[in-house]
Amino acid sequence: MHIDILTLFPEMFDGPLTESILKRAQENELLTIRRHNIRDYTTGKHHTVDDTPYGGGGGMVMMAEPLVTAVEGVRGDDPQVPVILLTPQGRTLTQKVVQELAAYPRLILVCGRYEGVDERVRQSVITDEISIGDYVLTGGELAAMVIVDAVARLIPGVLGARWGAEEDSHAMGLLEYPHYTRPPVFREQAVPDALLSGDHGGIERWRRREAIRRTWQRRPDMLLTANLSEDERWFLADLAEADAPPPG
Ligand code: 4GX
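According to the numbering used here, the sequence shown is numbered sequentially starting from 21.
Written as structure tokens, this is what we have:
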């Protein structure tokens with residue numbers, strides 16, 4: 021997977037890209053990331069990237085020329101590559117969207133600043149718009165980092181052989197079961213017997229049930245589409261009888 025990031029602040033990405041899993045993915049060439057400073061695509065001697073909005077009102081707008089030139093320069097003559105603008109107006113990022121993005125060999129992420137980008141940038145070069153959630157950031161950079169992180173861990177080999185991404189809670193349609201590690205008793209709280217049994221069938225059954233319990237408690241909406249066995253449906257019916265889901 022190759023990802024190009026267009027931004028006015030390429031150094032903002034230093035931290036996330038140079039630690040841990042994203043660092044190793046790049047070292048192993050499973051992931052290549054190029055950051056491009058939009059300011060490098062300006063022509064004037066002041067290297068201006070923003071201007072005041074037509075019609076007045078406060079704030080600034082990112083100019084069309086530097087952004088469109090940057091996208092065209094980076095994209096080359098490949099019309100297939102998704103050019104994604106990070107914006108609260110985009111479709112909301114979910115694990116399903118992450119899976120969709122991870123299937124492309126290449127992505128271009130465009131990070132806006134200020135009040136946004138000249139509408140003609142959208143019309144000229146943007147093929148998709150994504151929001152990472154209903155709140156307002158100071159720019160698209162953190163949203164782009166979230167996308168890079170979530171997509172990278174789906175690339176085969178990035179998480180290592182032992183741990184695939186198929187078992188991810190949101191890929192399974194359930195929240196995760198509770199995890200424990202040593203010691204067996206911490207401040208009088210014991211690890212559940214089922215996990216100490218060594219009975220792998222019993223452990224799997226316990227984990228599935230606890231995942232269902234937690235999903236019922238915290239995200240009952242997810243159970244509408246979860247893939248449950250007959251036995252698990254009975255378990256859920258018992259949960260629902262014992263207590264109603266929390267409000268909301
Ligand atoms: N999920 N922001 C982008 C400036 C902007 C506005 C419109 C392009 C078009 C955000 C989010 C987010 C704030 C990033 C406004 N750029 N991005 N920025 N939530 O809040 O992705």
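We put the CB at the ideal spot given by N, CA and C, even for glycine.
Being a predicted model, the structure only gives us computed values, none of them experimental.
Distance cut-off 6 Å: residue i Cβ against heavy atoms of the ligand 4GX
i    : result
P108 : yes
V274 : With the chain represented from 21 up to 268, any question about residue 274 goes unanswered, as that position is not in the structure.
I152 : yes
V156 : yes
A163 : yes
G132 : yes
G160 : yes
For residue i, the nearest candidate out of the options (CA to CA)
i    : options                : result
I41  : V118, Y61, V168        : V168
Q46  : Q143, T235, L179       : L179
T107 : G160, G64, V117, T72   : G160
T27  : R44, R111, V91, M80    : V91
P36  : H199, A163, R225       : A163
L50  : M21, E31, N57          : M21
M80  : H66, D138, E120, K116  : D138
V114 : P102, D188, F206, I232 : In the sequence as presented, Val is not what sits at residue 114; that position holds Thr. Of P102, D188, F206, I232, the residue nearest in Cα terms is D188.
Q109 : G136, D97, Y124, R228  : G136
Q100 : R44, L121, H66, R253   : L121
D263 : T245, L244, R238, E252 : R238
S215 : R207, W226, Q209       : The residue asked about is misnamed: residue 215 is Leu in this sequence, not Ser. When each option's Cα is compared against that of L215, the closest is W226.
I58  : F29, T38, K65          : F29
E186 : G76, E39, K116         : K116
With 16 other Cβ atoms within 10 Å as the buried cut-off, status of residue i
i    : result
Y61  : buried
F33  : buried
R55  : buried
P204 : exposed
Y74  : exposed
T235 : buried
D24  : buried
P86  : buried
A181 : exposed
Anticipated Cβ contact below 8 Å, residue i with residue j, distance rounded
i    : j    : result
Y155 : D70  : Incorrect: roughly 23 Å between the Cβ atoms, too far for contact.
V130 : I104 : 7 Å
Y197 : V211 : That pair is no contact at about 13 Å.
M242 : L174 : Actually they do not touch by this definition, with Cβ atoms about 20 Å apart.
R95  : I128 : 6 Å
M82  : G132 : 6 Å
L259 : L248 : Not quite, the Cβ-Cβ distance comes to about 12 Å (not below 8 Å), so this is no contact.
V171 : V118 : 6 Å
N325 : G184 : Because the chain here runs from 21 to 268, residue 325 falls outside it and cannot be looked at.
V141 : A191 : Not a contact, Cβ separation roughly 33 Å.
The beta strand (DSSP E) enclosing residue i, as first and last residue numbers
i    : result
D148 : 148-151
P86  : Segment 84-95 is the alpha helix (DSSP H) holding P86; no beta strand (DSSP E) there.
R22  : This sequence places His at residue 22; Arg is not what is there. Note, H22: beta strand (DSSP E), 22-27.
L106 : 103-112
Residue i, enclosing alpha helix (DSSP H) - first and last residue
i    : result
P36  : 34-37
H199 : Element bounds for H199: n/a, residue is neither H nor E.
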